[in-house]
């Protein structure tokens, strides 16, 4: 007894043709956590425009990641500009931004 689809090739072709010509927008899959972390840790000027827009879309949906991005960038600014010992100020901002 053969198993499987018993319809015709034309029916399958017509089904996929309607899907291919559909006006429904195809949503892109969400970026992986590793990709988002890479965008956050990367210097904003070195991100491609498409990646910058995708990061902005992720940050709109997650305020915690937006706060984290701000902390990471301020810490990177401290390290790259060598601003002495302002460790107390960023630590205080991180503690103040935590809601737990």
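Numbering (the working numbering), first residue to last: 1441 to 1540.
We put the beta carbon where it would ideally sit given N, CA and C, even for glycine.
Subject >> Check whether residue 1471 and residue 1498 have beta carbons under 8 Å apart >> reply: At the C-beta level, residue 1471 and residue 1498 come within 8 Å of one another.
Subject >> Alpha-carbon to alpha-carbon, residue 1494 and residue 1517 >> reply: 23 Å
Subject >> CB contact flag (residue 1480, residue 1519, <8 Å) >> reply: Not in contact: residue 1480 and residue 1519 (Cβ atoms no closer than 8 Å).
Original post:
Taking residue 1501 as the reference, which of 1450, 1449 and 1476 has the closest Cα?
Top reply: 1476
**OP:** Spatial neighbours of residue 1488 within its chain, please: CB distance less than 8 Å, with the 5 preceding and 5 following residues excluded, ordered by chain position.
**Re:** none
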